[in-house]
Amino acid sequence: MSLNERLRALESLARALWRDALNFPWRNTAITLRERFREDRLGITASALTFTTTISLVPLFTVALAIFSAFPMFERLQLTLQRWLVQSLVPPDIAKQVFSYLNQFASKAGQMGWAGALVLLITALALILTIDRKLNDIWRVRQPRSFTQRVLVYWAVLTLGPLLLAGSLTVTTFAVTVSRDVVSGLPGGVRFLLGAVQFALLTGGIAALYRYVPNTRVRWSHALLGGVFVGAGLELAKKVLAWYLAQVPTYSVVYGTFATVPILLVWFYVAWVIVLLGAVVAAYLPSLLSGIARRADSPGWSFQLALEALEQLHTARDTAPKGLSLEAMAQVLRVDALQLEEPVAALVALDWLGRLDEDGERYVLLIDPTVTPMAPLVERLLLARAPNTERFWFESHWARLTVAQALAATPSLPASAHDPLVGPSAASG
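Shown next, in the form of structure tokens:
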């Protein structure tokens, strides 16, 4: 291939990447992140992880030190790698102090007895299990791995991670000098290369976390995109926090030599928020790429989605394999799969739907729409029966309407995205 052909190929690739970037649903992604942050209470989770990280940091650092000490081949890289890890994950203004404190605390950890070591182990496991539980929640995993499997997976990450990192940096000739003091004296191209290696390692580690921790199938491409989001977000957050600390030295003035502690807590919180949002990006990427055109912006949204799900399952009643998955229904209805969880759960609770777990989770219709009254669904998702609502129930004829009549009287349900069914008048035409 000639030089001109290679240049044309690179130009075509650049245009394709630019076109994909322009066509990516940025607005839907931002809205999804906001909704999931609020509904999944990611802010509260980040606060809990901040606290757990604070008390688990020394135990995890101690384990890493012990692993390096057990392998003499990596002994020379120990300080370099430790410094690199701290400076990669912590804003530069406090990296030196944090690195010094961690070394002091970890060096004294060997003086503890069995009781102290057990407490350190429990705190480290608390962080591990909290991360595992929240990632499974984000991916809507109903059956997480057993406790033993989770501990084994994370223990493997904790023990093999530092060794793999050391090996990768040993193979990378420039990365052996990846401390800030040395990097500052290197040419710009070398600094860029080291920064790229640092970004790639961080992105790969986060992607592996998203790929292997949830007890469900996560594509590598989705996990990698989430890792890139986290890597870019952490770099941006570090620069913003460093700029803020330089421009507004409030913490240094108020706390003096103890300013590192509140700054570190703020950074832990910001970092965990970014990691959790990256998990949301990886988990909801299929829905984002398929195009979510409809959102819960009107009353009666869950009720409308329940009707639409009933129609979809009634249509697919005679197809093979039986039933539809939540993702398949969401794709047809052009909604987020999470939006279908509440109405589908209500239909399952009414015994209108059954859930099959063979060959992937699917839902099947259990009722005959021609004889099943609509009243139970209306009462559960739209308006509960009470003395002050009896007049409405009597005049609206909901109690006498069957599911088949409601579906027949409703216009094409997926096309009614902007005209939600909120009352009997819509159902009765």
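Per numbering that gives the first Met the number 0: the sequence shown = residues 0 to 428.
The C-beta atom is built at its ideal place from N, Cα and C for all residues, glycine as well.
Endpoints, beta strand (DSSP E) assigned at residue i
{"i": "G225", "result": "It is not in any beta strand (DSSP E) - G225 instead sits in the alpha helix (DSSP H) that spans 219-246."}
{"i": "R361", "result": "361-364"}
{"i": "R354", "result": "352-355"}
Best match in the options for proximity to residue i [C-alpha to C-alpha]
{"i": "V229", "options": "T215, F146, V217, G203", "result": "G203"}
{"i": "M429", "options": "Q303, V334, G353", "result": "This structure gives no information on residue 429, because the portion of the chain shown stretches from 0 to 428."}
{"i": "A336", "options": "L382, L287, L349, V363", "result": "L287"}
{"i": "W269", "options": "A236, Y283, G299", "result": "The question names Trp, but residue 269 in the sequence shown is Val. The residue with the shortest Cα to Cα distance from V269 is A236."}
{"i": "G353", "options": "L332, T369, L323, Q338", "result": "L323"}
{"i": "R210", "options": "A405, A383, G277, P342", "result": "G277"}
{"i": "R132", "options": "T215, A195, V118", "result": "T215"}
{"i": "V150", "options": "A195, R333, R139, V212", "result": "V212"}
{"i": "T44", "options": "N3, P375, I130", "result": "I130"}
{"i": "E340", "options": "V152, R139, F267", "result": "R139"}
{"i": "W266", "options": "Q246, L240, A245", "result": "L240"}
{"i": "L381", "options": "L192, T51, G299, A245", "result": "G299"}
{"i": "L128", "options": "L201, R40, A195, L208", "result": "L208"}
{"i": "V118", "options": "R390, A345, T51", "result": "T51"}
{"i": "T122", "options": "S145, T369, T53, T371", "result": "T53"}
{"i": "G232", "options": "L201, R33, Q246", "result": "L201"}
{"i": "R141", "options": "A329, Q338, D356", "result": "D356"}
{"i": "P320", "options": "R144, E360, R33", "result": "E360"}
{"i": "G226", "options": "K238, T147, Q197", "result": "Q197"}
{"i": "T371", "options": "W351, G42, T259, W25", "result": "W351"}
{"i": "D39", "options": "L6, R218, Q338", "result": "Q338"}
Rounded distance between the beta-carbons of residue j and residue i, thought under 8 Å
{"i": "T49", "j": "W271", "result": "6 Å"}
{"i": "V274", "j": "R35", "result": "Not a contact, Cβ separation roughly 13 Å."}
{"i": "V402", "j": "L263", "result": "Actually they do not touch by this definition, with Cβ atoms about 57 Å apart."}
{"i": "L224", "j": "L284", "result": "6 Å"}
{"i": "Y362", "j": "L312", "result": "6 Å"}
{"i": "S55", "j": "A125", "result": "7 Å"}
{"i": "Y306", "j": "A405", "result": "The amino acid at residue 306 is misidentified as Tyr; the sequence shows Leu. Confirmed, Cβ separation roughly 7 Å."}
{"i": "I137", "j": "A29", "result": "The Cβ separation is near 17 Å, so there is no contact."}
{"i": "L364", "j": "R316", "result": "6 Å"}
{"i": "A222", "j": "A199", "result": "Rounded, the Cβ-Cβ distance is 14 Å, inconsistent with contact."}
{"i": "L376", "j": "L332", "result": "That belief does not hold up - the Cβ atoms of L376 and L332 are roughly 17 Å apart, past 8 Å."}
{"i": "S395", "j": "P342", "result": "Not a contact, Cβ separation roughly 20 Å."}
{"i": "R379", "j": "A345", "result": "5 Å"}
Residue i in three-state terms, based on DSSP
{"i": "L323", "result": "strand"}
{"i": "T318", "result": "coil"}
{"i": "R179", "result": "Residue confidence for R179 is low, a pLDDT of 44 falling below 50, so the modelled location carries little weight; the figure read from the coordinates is stated next. R179: helix per DSSP, three-state reduction."}
{"i": "P213", "result": "coil"}
{"i": "T51", "result": "helix"}
{"i": "P285", "result": "helix"}
{"i": "T369", "result": "coil"}
{"i": "R384", "result": "coil"}
{"i": "W138", "result": "coil"}
{"i": "H313", "result": "helix"}
{"i": "G42", "result": "helix"}
{"i": "R333", "result": "coil"}
{"i": "G299", "result": "coil"}
{"i": "R5", "result": "helix"}
N-terminal and C-terminal residue of the alpha helix (DSSP H) that residue i is part of
{"i": "Q338", "result": "336-348"}
{"i": "R35", "result": "25-38"}
{"i": "P143", "result": "Where P143 is concerned, there is no enclosing alpha helix (DSSP H), given that its DSSP letter is neither H nor E."}
{"i": "A407", "result": "402-408"}
{"i": "R399", "result": "Premise fails: R399 is in no alpha helix (DSSP H) and is neither H nor E."}
Closer than 8 Å: residue i CB and nearest the ligand GDP heavy atom
{"i": "G322", "result": "Here there are no bound small molecules, and the ligand GDP is not part of this structure."}
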